[in-house]
Amino acid sequence: MSTFHLEIVTPERLFFSEVVEMVIVRGIEGDLAILKGRAAVTTPVKIGRVRIFQEGEERVAAVVDGYISVIDEKATIVTETAEWPDEIDVERAQAAKIRAETILKERSANIDVGRAELALQ
């Protein structure tokens, strides 16, 4: 299978920079698969999984909002946060879930319900 270069960048670090066969990200209208030769595109990436395919193997990372830009033989994902499954702080994630659920139950006028619903993803 043909390959291209993928980079995943956060404000803190270069999270990933390797040659891949395919990457699948969550876009506004659903999952978006990127292969070599894809027409140039820049589009938002939603919170969720990034599936990376290399040499027939799949790796999965979690990302929080950002965008993907595909130009020539390179795709770049710029995101607020990127983590491998073993890097995810389960206690922090559970605490965030509880906070978001509480906000949604209260639904006061001063609360950003959309942001709370997003946090639950």
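Sequential numbering of the sequence shown, starting at 132, is according to this note's numbering. Here a beta-carbon is modelled for each residue, glycine too, at the ideal position from N, C-alpha and C.
Among the options, nearest to residue i - alpha-carbon criterion
i	options	result
G168	E218, E204 and E211	E204
L137	T174, V201 and G158	V201
I121	I199, A192, E214 and L145	The structure shown does not extend to residue 121, since the chain is modelled only from 132 through 252, so no value can be given for it.
E189	K236, E232, G161 and M153	M153
T212	Q185, F146 and E186	F146
Beta-carbon separation (whole angstroms), residue i vs residue j, contact threshold 8 Å
i	j	result
L299	T173	Given a span of 132 to 252 for the chain in the structure shown, any question on residue 299 remains unanswerable.
A226	I165	Not confirmed; about 33 Å, so no contact.
Cut-off 7 Å between Cβ atoms - residues of its own chain near residue i, not counting five sequence neighbours on either side
i	result
E214	A192 and A193
A171	V201 and I202
Cut-off 8 Å between Cβ atoms - residues of its own chain near residue i, not counting five sequence neighbours on either side
i	result
G179	V156, R157, A193, V194 and Q252
Straight-line Cα distance separating residue j from residue i
i	j	result
V151	I159	23 Å
E218	S148	18 Å
E222	E186	34 Å
Cβ neighbours of residue i in the same chain (closer than 6 Å, five flanking residues each side left out)
i	result
I183	V151, V154 and R190
V140	V209
K177	R157
- Contained alpha helix (DSSP H) runs [length at least 4] in the region 153-187, N- to C-terminal order: none
- Of all the beta strand (DSSP E) runs that stay within the bounds of the region 186-217, which reach a length of 3 or more residues? 188-202 and 205-214
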